[in-house]
Amino acid sequence: MKVKGREVFGQFLVLILVVFVEIGEAQTKTSLVNCGTNSTVNVDGSKWVGDSSHDNNVTLSSPGIEATTASFNGDSSYEPLYKTARFFDESVNYTFQIAPGSYFLRLHFYPFSFGNHDANESYFAVAANGLKLVSEFNVAAEIVHKNLYLQGSGGNSSVFSLVKEYFVTSDINVFVLEFIPNKGSFGFVNAIEIIPVTDKLFVDSISKVGGNGANSSLNLSKRGIQTMYRLNVGGSAIKSNRDSGLRRMWEADSSYMIIADAGAEAKNHSNITYASPNDTSIAPLLVYETARIMSNTDVMEKRLNMSWKLEVDPDFDYLVRLHFCEFDYNKPNQRIFKIYINNKTAADNYDIFSRAGGMNKAYHEDYFDVMPSKSTSFWVQLGPDTTTGSAGTDALLNGLEVFKLSRNGNLAYVQKYEDVPEKTTSKNLILWVGIGAGIATIAIVAGLIMLIIRLCRRQRSKDDTKKSEAGWRPLFLHGAAVTSTGNGNGNGKGSVQYQSLGTLRSGRRFTLAEIKTATNNFDESLVIGVGGFGKVFKAELDDGTLGAIKRANPQSQQGLKEFETEIEMLSKLRHRHLVSMIGFCDEQNEMILVYEYMANGTLRSHLFGSDLPSLSWKQRLEVCIGSARGLHYLHTGSERGIIHRDVKTTNILLDENLVAKMADFGLSKTGPSLEHTHVSTAVKGSFGYLDPEYFRRQQLTEKSDVYSFGVVLFEVVCARPVINPSLPRDQINLAEWAMRFQRQRKLETIVDPQLAGNYSPESLMKFGEIAEKCLADEGKSRPTMGEVLWHLEYVLQLHEAWLRTNAGEDSASDIRALETVEERGTENSEDETHVDSKTKQEEAESATDAMASGLDDFSQFVNQNGR
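And the structure:
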C-alpha cells in the first residue's frame with residue numbers, strides 16, 4: 001500500500017510540474033493582438049487574435065471604440081490588420097500575463113478617420129510598465145515627416161503606416177501597456193506585438209565612440225531601448241516573417257545614403273555561418289548575404305566614404321550595431337577600413353576577417369554615442385584606410401541598426417516635426433576666419449567696453465535696477481524704456497509704451513486679475529481654440545468689448561521664442577488684414593497675449609470639419625484677396641520685409657464681416673538683407689503647406705509664403721484637408737492631387753460640391769492658374785504676393801461680371817474689358833527686372849503710407865481705456 005501510495009503521489013507531482021510548465025510556456029508565448037475587433041486574422045503567415053476575443057492573453061481596462069475603415073493604402077498583406085483599430089477618449093490599459101524576462105514590443109499604427117474622430121487630430125502618450133514610450137504623439141504627422149525626410153534624402157518610396165518597436169525587460173509576471181490621450185484629444189492603436197526574447201541580444205559593456213577603445217557600462221538591463229533604424233545594407237527590405245522568431249523588419253538602406261553611388265551593392269553566394277553560436281538571434285543570415293562595398297565604383301573616387309544620415313531624437317544615448325561578413329578575402333589584412341560615427345573615429349584598421357575569425361562568418365560590432373541637445377542628424381560613415389597598404393582599399397557593410405536608450409525611465413521625445421537641422425556650408429569657414437581675426441580687436445576694446453558699461457550702470461534709476469520677478473518677460477521688456485500713460489495709481493491699467501532702438505511698441509498691460517475676470521478664471525467653456533503653446537479664450541474686457549486671450553501653459557517654457565517673436569512682430573505691424581494685439585499680461589510667470597476677437601473663427605472652419613455655414617465663391621475670393629493683401633504688406637511694408645512662414649487656413653481668421661486677417665506670427669522671420677537672396681534657417685512650418693525648396697535647402701524666401709498660399713488656394717476650392725492619410729494613395733496630399741487635375745485643366749471635377757453651379761467657370765480657370773503658379777517647384781518661377789493679389793482681384797471681377805450676366809445684365813463688354821486689363825497686367829508682371837526705379841520708389845512710398853494708415857487705425861487701442 002505504501003509503494004502504491006508513493007506512485008500515486010509521484011504521478012501527482014509530475015502532473016503539477018506539467019501544469020506549471022504549460023503555464024510558463026503560455027506566459028512566454030508570442031502575443032499578436034488585432035486591436036478594435038474580436039476577429040482573428042492571418043497576416044504574413046501569423047495568427048493575430050482580436051483584443052476583445054476571449055481567446056487571447058490580454059485584458060482591457062475599458063472598451064473604448066471599435067473602429068473600422070473601408071479604404072486602405074500600403075502593403076496589401078497588412079490590410080486585414082490595419083483596417084481595424086481601437087480608439088479611446090480616455091486612458092486605457094492593455095494588461096498581458098507574461099513571465100519575467102526580455103521582450104520586443106511593437107505598436108502598429110495606421111491612421112484613419114472614424115465617426116467624429118479624425119486621426120490627423122489625435123495626440124496621446126504610451127507607457128509600458130511605467131516606461132514612457134511616446135508623449136504628445138501624432139501618428140499622421142510622424143508619417144508625413146518620415147515621407148518628407150525620405151524624399152529629401154532621395155528616396156522614392158512612400159510610408160502609410162507606422163510601427164514603433166521597443167526592447168523592454170520585465171521583472172514581474174504582468175505587462176501593462178497604457179494609452180493616455182491628451183486632454184480634449186484621443187488615441188488609437190491598430191495592432192500590438194509582444195515577442196519573448198530568450199537569447200541575450202545586448203551586452204552592457206560597449207565601446208564608446210571617440211573613447212580610444214574604452215568600454216562603457218550602459219546598464220541595459222535597467223533601461224528601455226527603442227529601435228530607431230534597422231537597415232539591410234545593399235539588399236532589399238526583409239519582412240518580419242523571414243526573421244525567425246523575433247519577427248524583425250529590415251528596411252533597405254538606399255534612402256538613407258548621402259550618395260548612393262558611393263557604395264556598390266554586392267551579394268555573397270557562399271554558405272554563411274555565425275562567428276559565435278551566441279549570435280544566432282542577432283540578425284538573420286539574409287542580412288549577411290548582401291552588402292555595400294566601395295570597390296568597382298566607377299563613378300567616383302574610392303577615397304570617398306560611404307555615408308548614411310539618419311534622423312534621431314536629440315539628448316539621448318544611442319547604441320549603433322554594425323553587421324559584417326567578409327566574402328571576398330580569405331586572409332587577414334586584405335580589407336582594412338575606418339569607421340566614423342557622428343564625425344568621430346569609432347575604429348581604425350578595422351579588419352572583418354580577423355575580428356570574425358574567418359571568411360563567410362556573420363559578425364557584429366556595437367558602439368555607443370551621445371547625441372547633443374540640439375543635434376538630430378546621426379551619421380555613420382565607412383572609408384578606406386590607405387595607410388595600411390592592404391589589398392582592398394575600400395570598406396564593406398552588411399547591416400546597420402540604431403537603438404535609442406532611455407534616460408530616467410523615459411524614451412519619449414516631443415517631436416517638433418517641422419524642425420530640420422540647418423545645413424553647414426562653406427560660409428562657416430569664413431565666419432570662423434572672421435572671428436579669429438576679430439579676437440585681437442576685441443582684446444583691444446575690451447577695456448573701453450567695460451568702462452562704458454560701468455558708466456551706463458551709474459545712470460540707471462533705482463526702479464530700473466530693481467530685480468524683476470522670476471519667470472518669463474516679454475521680449476520688449478528687455479532693455480526697453482518704459483513710460484506709463486495711465487492714471488498713475490499703479491493699478492496697471494491704461495496704456496504702456498515701450499521705446500527701444502527707435503521702435504515704438506504699444507499695448508496695454510493687463511493685470512492677471514483682469515485677465516481672470518475677463519475669462520471667468522479661465523473657464524474651459526470659453527475656450528475657442530487650442531494650439532501647440534496653449535489655449536485661446538473668448539473674453540469680455542472691462543470696457544465691454546470682446547477679445548481673444550492666448551495663454552501659454554504656465555508649467556512649460558515651450559514656445560517662449562515663438563511668443564517673443566509674435567510680440568515683436570505685432571508690436572510694429574498694423575494693417576487691416578493682420579490680427580491686432582491689444583495687450584499682454586506677464587504676472588506670476590504667465591505668458592498671456594490679448595488680441596482683437598475674430599467672431600467668425602478660422603477660414604478652415606468654414607470650408608470643412610465643422611457645422612459652420614459654407615462660404616460662397618465670392619466670399620472665398622474676398623477672403624483670399626484679404627489674406628493676400630496682409631501677406632503682401634508683410635513682404636513689402638518694411639525695409640527687409642517679413643516672411644510669415646506658417647501660412648495656412650487655420651491662421652487666416654475672419655471677423656464679424658468675414659474680413660480676412662492673417663494671424664499667428666510666432667514663426668515669422670525678418671527677410672534677407674539687400675545683399676542676400678534668402679535667410680538660412682531651420683525648417684519650420686506646417687505639413688502639407690511646406691515649400692519643398694525651403695525644406696531641401698533650408699533657405700527661406702518670400703516665395704516660401706507664396707507656395708504655402710498656393711496650397712491655401714487649392715484648399716479653398718476643394719474644401720478638404722491638405723494631408724489626409726485615410727484617402728487613397730494618390731489623394732493623400734492635396735497639393736499633388738489638385739495639381740494633377742489643374743495641369744489637365746480639369747479642376748472643376750474636384751471643386752467643393754457646395755459650390756456646384758454657383759461660380760464663374762472663367763474665374764475658376766484663372767484661379768487654378770494662379771494656384772498652379774504659386775506651387776512651382778522653384779521659388780524664382782513663382783509670382784510675388786503682389787502679383788498673386790492682382791490676379792485674384794481680376795478673378796473676383798470676372799466672377800462679379802458673371803453674376804451680373806446671370807442677373808440679366810449685359811456685361812459682355814465688361815468681360816472683354818477685363819480680359820484686356822488682364823493681358824496688360826500679365827505683360828507688366830512677367831519680368832520684374834523691367835520695373836524702373838520710379839516704380840520702386842512709388843511702391844515703397846505706398847507701403848509707407850499703408851503702414852502709417854494702419855498705425856492711425858490702431859490708435860484707438862492706445863488710450864487709457866483700451867479698445
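By my numbering, the letter at position 164 of the sequence shown is numbered 164, and the numbering carries on one by one without gaps. By construction, the Cβ of each residue, glycine as well, lies at the ideal position given by its N, Cα and C atoms.
Taken in chain order, the region 161-226 contains no complete alpha helix (DSSP H) segment of 4 residues or longer. Sequence-distant partners of residue 340 (beyond 5 residues in either direction) whose C-beta falls short of 6 angstroms from its own C-beta, in its chain, are 381.
Excluding sequence positions up to five before and after residue 286, its CB lies within less than 7 angstroms of the CB of 238, 242, all in the same chain and listed in chain order. Residues 577, 652, 660, 662 of the same chain have their beta carbon placed closer than 7 angstroms to that of residue 627, with the five preceding and five following residues left out of the count.
Taking a C-beta distance under 7 angstroms as the contact criterion, residue 760 and residue 798 qualify as a contact pair.
Contact annotation: the region 700-713 touches the region 633-648, with at least three C-beta pairs closer than 8 angstroms. Excluding its 5 nearest sequence neighbours in each direction, residue 632 has C-beta neighbours in its own chain below 6 angstroms: 785, 786, 789, listed in chain order. Taken through DSSP and simplified to helix, strand or coil, residue 63 comes out as coil. In this structure, the CA atom of residue 328 is about 38 angstroms from the CA atom of residue 168.
If you ignore the 5 residues before and after residue 176, its C-beta comes within less than 7 angstroms of the C-beta of 93, 95, 129, all in its own chain and listed in chain order. Within the region 283-362, complete beta strand (DSSP E) segments of at least 3 residues are found at 290-293, 306-311, 317-324, 336-341, 344-351, given in chain order. Residue 230 and residue 283 have their alpha carbons spaced roughly 10 angstroms apart. When the alpha-carbon of residue 162 is set against those of 310, 30, 81, 107, the nearest one is in 107. Annotation for residue 208: 214, 215, 216, 367, 368, 369 place their beta carbon closer than 8 angstroms to its own, counting only its chain and skipping 5 residues before and after. Taking a contact to require three or more Cβ pairs closer than 8 angstroms, the region 178-192 and the region 107-126 qualify as touching.
For residue 49, the closest alpha carbon among the candidates 145, 191, 73 is that of 191.
Our two residues, residue 174 and residue 99, have alpha carbons roughly 7 angstroms apart in a direct line.
56 is the residue among 45, 236, 56, 39 whose C-alpha sits nearest the C-alpha of residue 31.
Excluding sequence positions up to five before and after residue 278, its CB lies within less than 8 angstroms of the CB of 199, 200, all in the same chain and listed in chain order. The count of Cβ pairs closer than 8 angstroms, one atom from the region 128-145 and one from the region 68-82, stays below three, leaving the stretches out of contact. With a threshold of 16 other beta carbon atoms within 10 Å, residue 172 falls short and is exposed. For residue 585, the enclosing beta strand (DSSP E) stretches over residues 581-585.
Of all alpha-carbon atoms in 672, 656, 768, the one lying nearest the alpha-carbon of residue 710 is that of 768. Here DSSP, grouped into helix, strand and coil, assigns residue 241 to helix.
Residues 621 of the same chain have their beta carbon placed closer than 6 angstroms to that of residue 796, with the five preceding and five following residues left out of the count. The C-beta separation of residue 105 from residue 223 comes to about 14 angstroms, leaving the pair out of contact by the 8 angstroms criterion. Look at residue 577 here: in three-state DSSP terms it is coil, with no helix or strand label. In the structure shown, residue 766 adopts helical secondary structure according to DSSP, grouped into three states. The alpha-carbon separation between residue 693 and residue 564 amounts to approximately 27 angstroms. Burial check for residue 331: the Cβ neighbour count within 10 Å stays below 16, so the residue is exposed.
In the same chain as residue 399, and ignoring 5 residues on each side of it, the C-beta atoms closer than 7 angstroms to its own belong to 231, 232, 233, 283, 287, 323, in chain order. For residue 626, the enclosing alpha helix (DSSP H) stretches over residues 617-636. Collapsing the DSSP output to three states places residue 699 in a strand.
Just measuring C-alpha positions, the residue of 35, 218, 274 sitting nearest residue 187 is 35. Spanning the alpha carbons of residue 511 and residue 766 requires a straight line of approximately 50 angstroms.
Only residues of its own chain outside the window of five on either side were considered, and among them 209, 339, 340, 367 have a CB closer than 7 angstroms to the CB of residue 346, listed in chain order.
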